Amino acid sequence: MGSRVAPSVEGGGGEQRQSQGALGLRGTVGELRAAYESGRTRSLAWRQSQLRGLLRLLAEEEAAAFRALREDLGKHHAEAYRDEIGLLVKSANAALREVEKWMTPEKVWVPLIAFPATAQVEPEPLGVVLVFACWNFPLA
């Protein structure tokens, strides 16, 4: 499977420039893929720090998030908390509590013929996921 090149589009001055795809995400996805491939995202400490960072961002920018949800979508404060911000905080806290358990290898049965071998299943991420959310629930 080779790399795909986006079709070029004509810029304002007649010059050709390469399309960056939907919402200009090609570079961002590339950066995320490089971070994953570097292996730095595999550790428990890194994952916990990312979840804590998300919680800190939500706490620091809560007022701005409520304001944006009200101005852009007309969401009442209670609705924005119930369907967006509160749900995201609750989910991030749950993930922070559970991430170590999710990463713990699970011992599995090995046939007697393989004695004294042991085996385990190690949960590992398989790569980068790009999630597009619905427009009316931009945070959740």
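In the UniProt record's numbering, the protein residues as written are 1 to 140.
Glycine is no exception: its CB is placed at the ideal position from the N, C-alpha and C atoms.
These numbers were taken from a predicted model, which means no experiment stands behind them.
One alpha carbon belongs to F115, the other to W109, and they sit about 11 angstroms apart. Rounded to the nearest whole angstrom, the CA to CA distance from E79 to T118 is 51 angstroms. Beta-bridge pairing by DSSP links A119 to V108. For D72, the uninterrupted alpha helix (DSSP H) run begins and ends at E62 to L73, by DSSP. Between R67 and H76, the alpha-carbon positions lie close to 10 angstroms from each other. Segment contact: the stretch 90-105 against the stretch 41-53, three or more CB-CB distances shorter than 8 angstroms; contact assigned. By the neighbour-count criterion, in which 16 or more other beta carbons inside 10 Å mark a residue as buried, A133 falls on the exposed side. Within the same chain, Cβ atoms closer than 8 angstroms to the Cβ of A140 are found at D83, E84, L87, L88 and A133, the five residues on either side in sequence being excluded.
Rounded to whole angstroms, the separation of the alpha carbons of V29 and G74 is 31 angstroms.
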